[in-house]
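Notes follow the structure.
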Amino acid sequence: MVPGAGFRVVEACQWKVKNAGYAENSTSGVARDMLHQHSFEVSTSGRGTYDVTGEVQRAVADGGVGQGLCHVFIHHTSASLMLCENADPAVRLDLETFMAKAVPDGDPMFTHTAEGPDDMSAHVRSVLTQSMLSIPVVNGRCALGTWQGVYVWEHRQAPFRRRLTITIQGE
Amino acid sequence: MVPGAGFRVVEACQWKVKNAGYAENSTSGVARDMLHQHSFEVSTSGRGTYDVTGEVQRAVADGGVGQGLCHVFIHHTSASLMLCENADPAVRLDLETFMAKAVPDGDPMFTHTAEGPDDMSAHVRSVLTQSMLSIPVVNGRCALGTWQGVYVWEHRQAPFRRRLTITIQGE
Amino acid sequence: MVPGAGFRVVEACQWKVKNAGYAENSTSGVARDMLHQHSFEVSTSGRGTYDVTGEVQRAVADGGVGQGLCHVFIHHTSASLMLCENADPAVRLDLETFMAKAVPDGDPMFTHTAEGPDDMSAHVRSVLTQSMLSIPVVNGRCALGTWQGVYVWEHRQAPFRRRLTITIQGE
Numbered sequence: 007m008v009p010g011a012g013f014r015v016v017e018a019c020q021w022k023v024k025n026a027g028y029a030e031n032s033t034s035g036v037a038r039d040m041l042h043q044h045s046f047e048v049s050t051s052g053r054g055t056y057d058v059t060g061e062v063q064r065a066v067a068d069g070g071v072g073q074g075l076c077h078v079f080i081h082h083t084s085a086s087l088m089l090c091e092n093a094d095p096a097v098r099l100d101l102e103t104f105m106a107k108a109v110p111d112g113d114p115m116f117t118h119t120a121e122g123p124d125d126m127s128a129h130v131r132s133v134l135t136q137s138m139l140s141i142p143v144v145n146g147r148c149a150l151g152t153w154q155g156v157y158v159w160e161h162r163q164a165p166f167r168r169r170l171t172i173t174i175q176g177e
Numbered sequence: 007m008v009p010g011a012g013f014r015v016v017e018a019c020q021w022k023v024k025n026a027g028y029a030e031n032s033t034s035g036v037a038r039d040m041l042h043q044h045s046f047e048v049s050t051s052g053r054g055t056y057d058v059t060g061e062v063q064r065a066v067a068d069g070g071v072g073q074g075l076c077h078v079f080i081h082h083t084s085a086s087l088m089l090c091e092n093a094d095p096a097v098r099l100d101l102e103t104f105m106a107k108a109v110p111d112g113d114p115m116f117t118h119t120a121e122g123p124d125d126m127s128a129h130v131r132s133v134l135t136q137s138m139l140s141i142p143v144v145n146g147r148c149a150l151g152t153w154q155g156v157y158v159w160e161h162r163q164a165p166f167r168r169r170l171t172i173t174i175q176g177e
Numbered sequence: 007m008v009p010g011a012g013f014r015v016v017e018a019c020q021w022k023v024k025n026a027g028y029a030e031n032s033t034s035g036v037a038r039d040m041l042h043q044h045s046f047e048v049s050t051s052g053r054g055t056y057d058v059t060g061e062v063q064r065a066v067a068d069g070g071v072g073q074g075l076c077h078v079f080i081h082h083t084s085a086s087l088m089l090c091e092n093a094d095p096a097v098r099l100d101l102e103t104f105m106a107k108a109v110p111d112g113d114p115m116f117t118h119t120a121e122g123p124d125d126m127s128a129h130v131r132s133v134l135t136q137s138m139l140s141i142p143v144v145n146g147r148c149a150l151g152t153w154q155g156v157y158v159w160e161h162r163q164a165p166f167r168r169r170l171t172i173t174i175q176g177e
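Residue numbers (our numbering), protein chains in the order written: chain W, 7 to 177; chain A, 7 to 177; chain C, 7 to 177.
Take a look at the structure:
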């Protein structure tokens with residue numbers, strides 16, 4: 007089993023829909039520029055990957071943007087975001103194995119150790135991966151490739167609540 | 007020679023131009039918000055880097071956006087995108103050498119091996135680099151630095167067709 | 007002390023404010039789409055991290071965008087951008103230590119050595135980190151997490167002037 011499976015989104019808040027439309031005097035063929043912003047939290051249960059593809063696609067569907075970009079941001083420095091192969095869970099297990107070897111917990115070269123052996127390694131893993139993703143919106147959906155999923159990658163061993171913000175701009 | 011040179015763009019499709027202008031009743035000084043989306047495929051001939059700077063600049067020029075952002079996305083998890091030094095091909099050869107050592111093909115720690123020894127290493131390389139780039143558009147051009155080129159980095163040994171989407175937002 | 011502290015922004019230029027508003031005939035509830043672009047240079051004094059969070063927040067505040075995205079771009083391939091823990095300087099020192107070991111200067115496997123032993127390692131470090139960041143703007147500010155700072159990461163040993171462009175899109 008992939009570590010981190012079985013999380014839940016614990017809070018959905020701050021739906022903001024700003025629709026810069028032209029109200030009654032809009033003319034046919036003139037698009038309506040839209041901006042949507044949506045913050046939520048993901049409750050993680052230790053190091054591992056957490057699939058948020060559904061949450062991202064739902065935000066795009068709810069927002070009503072047809073064409074544009076969907077931006078996902080994580081407000082933390084010891085968890086990150088990843089576009090990753092979504093079919094074989096072994097891919098994400100192997101990524102953990104790779105990171106455990108490339109950036110070992112408790113490496114004696116690290117001096118920032120206040121929160122334990124997985125503290126500094128989590129920061130390095132975050133810097134080597136992504137704090138933000140942006141994905142084209144095409145025909146009202148995130149145009150992910152067939153094998154692309156959107157994951158939160160929790161790098162700490164303890165459970166955390168991780169805040170994400172989705173921003174969709176388009177028309 | 008840099009592996010991967012000599013590719014060709016095999017398909018250009020899905021030009022979408024959405025111009026949220028104000029038609030006849032626009033007032034002077036009011037900008038016209040524009041969104042362009044352009045998907046195309048790059049035919050790769052094995053592991054290596056493929057310069058798509060020209061394709062990106064052409065999309066920006068054709069789109070007619072003066073100021074804004076140009077976003078490039080690759081719809082795959084075993085090839086990625088890179089902004090890289092564009093003058094000395096040795097830089098990209100050295101990047102291959104670095105990756106071959108940092109993420110060796112056929113590393114026995116990998117379990118996702120169904121498609122061969124370059125399968126899992128390609129996923130790791132993709133996660134350590136970029137699936138998307140966004141670049142400022144200034145005065146109708148991608149404002150790349152003097153030495154910055156945009157490259158598709160094919161991480162698989164076999165030939166593939168890789169789909170990219172360019173999204174330009176601005177005015 | 008963190009290497010790189012004490013830099014100064016040497017030049018602020020190219021403020022462009024494009025306000026796609028509806029002028030006098032705007033109706034209540036209709037937002038004003040805005041695009042701001044701001045280029046400036048950071049004078050670095052050798053390898054290390056340079057906090058530009060204040061400059062980024064100032065650009066957002068000056069731009070007047072309430073909701074949207076703030077995009078930061080560095081026009082170079084041997085310096086990069088990083089979102090990093092901003093409280094304990096040991097985190098950034100440990101990141102230097104990690105990179106010095108993972109991508110050693112003067113590694114004999116590198117052939118691109120014209121500018122010295124930190125030339126190719128700087129390109130690799132740039133490719134493994136970020137040339138661009140985008141951050142949600144919420145209520146007129148970059149919605150960074152409590153512990154997130156925005157840093158230029160100079161990878162060369164000599165002093166350089168590094169050009170950045172901030173692009174803010176929203177309303």
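In this text, a Cβ means the ideal position worked out from N, Cα and C, and glycines have one as well.
Note that this is a predicted model, so its numbers are computed, not measured.
Query: For V143/W, the residue or residues it bridges with in DSSP; Result: G74/W, C148/W
Query: Any chain C beta carbon closer than 8 Å to H81/W; Result: yes
Query: Where the beta strand (DSSP E) containing E61/C begins and where it ends; Result: Element bounds for E61/C: not the beta strand (DSSP E) but the alpha helix (DSSP H), 59 to 69.
Query: Spatially closest choice to V48/C from C76/C, D68/C, A65/C, I80/C, by CA coordinates; Result: I80/C
Query: Assigned exposure category for M115/C - 16 Cβ within 10 Å defines buried; Result: exposed
Query: Where E102/W falls: helix, strand or coil (DSSP); Result: helix
Query: E121/C to A67/A span [Cα, whole Å]; Result: 34 Å
Query: Alpha-carbon to alpha-carbon, H118/W and I174/C; Result: 34 Å
Query: Assumed close pair C76/W, C148/W - CB separation to whole angstroms, cut-off 8 Å; Result: 5 Å
Query: Cutoff 8 Å: I172/C Cβ touching any chain W Cβ; Result: no
Query: Reduced DSSP category for M115/A - H, G, I as helix; E, B as strand; rest coil; Result: coil
Query: Simplified DSSP state of A85/C, which is helix, strand or coil; Result: strand
Query: Terminal residues of the alpha helix (DSSP H) in which V133/C lies; Result: 125 to 134
Query: Residue of T152/W, E102/W, L101/W, D125/W minimising C-alpha distance to G111/W; Result: What sits at residue 111/W in the sequence shown is Asp, not Gly. Of the listed residues, the one whose Cα sits closest to D111/W is D125/W.
Query: Sequence-distant residues of its chain with Cβ nearer than 6 Å to G69/A (five each side left out); Result: H42, I174
Query: Three-way DSSP call (helix, strand, coil) for P95/C in this model; Result: helix
Query: The ligand NAD heavy atom lying under 7 Å from the CB of P95/W; Result: Among the ligands in the structure shown, none appear at all, so the ligand NAD cannot be discussed.
Query: Rounded straight-line distance, which links the Cα of G176/A to that of Y28/A; Result: Unreliable positioning characterises Y28/A in this predicted model, as indicated by a pLDDT of 29, which lies under 50. A coordinate reading is not provided.
Query: Members of the segment 136 to 149 of chain W that neighbour chain A once the beta carbon cut-off is set at 9 Å; Result: Q136, L139, S140, I141, P142, V143, V144, A149
Query: Nearest-angstrom Cα separation, counted from F166/A out to Y157/C; Result: 37 Å
Query: Rounded distance between the beta-carbons of T83/W and W159/W, thought under 8 Å; Result: So it is not a contact: roughly 13 Å between Cβ atoms.
Query: Chain-ordered neighbours of M88/W on chain C, where CB pairs are closer than 7 Å; Result: Per Cβ cutoff of 7 Å: no residues; M88/W is ~14 Å from chain C at best.
Query: Contact belief for M138/A with L134/W at Cβ below 8 Å, rounded distance in angstroms; Result: In fact, because the Cβ distance is near 16 Å, the residues do not count as touching under 8 Å.
Query: Residues bridged to S5/W [DSSP beta-bridge criterion]; Result: Outside the shown range of chain W, which is 7 to 177, sits residue 5/W, and nothing can be said about it.
Query: Residues of the segment 89 to 106 of chain A whose Cβ lies closer than 7 Å to any Cβ of chain C, in chain order; Result: L89, C90, E91, D94, A96, V97, L99, D100, L101, T103, F104
Query: Beta carbon proximity, G112/A to chain C, threshold 8 Å; Result: no
Query: Within chain C, partners of Q63/A - CB distance below 7 Å; Result: None at all; the shortest Cβ gap to chain C is about 15 Å.
Query: Residue burial classification, T171/C (beta-carbon count within 10 angstroms, cutoff 16); Result: buried
Query: Alpha carbon of H44/W to alpha carbon of S51/C, nearest angstrom; Result: 40 Å
Query: Straight-line Cα distance separating Q136/C from E61/W; Result: 25 Å
Query: Short Cβ contact (8 Å threshold) for V58/C with H129/W; Result: no
Query: Beta-bridge pairing of E160/A - partner residues as DSSP gives them; Result: G54/A, A85/A
Query: Buried or exposed by the 16-neighbour rule on C-beta atoms within 10 Å, applied to A65/A; Result: buried
Query: Neighbour-count burial assignment, N92/W, 16 or more Cβ in a 10 Å radius; Result: buried
Query: Cα-Cα separation, N145/A to W153/C; Result: 36 Å
Query: Proximity below 8 Å, CB of V71/W to CB of V143/W; Result: yes
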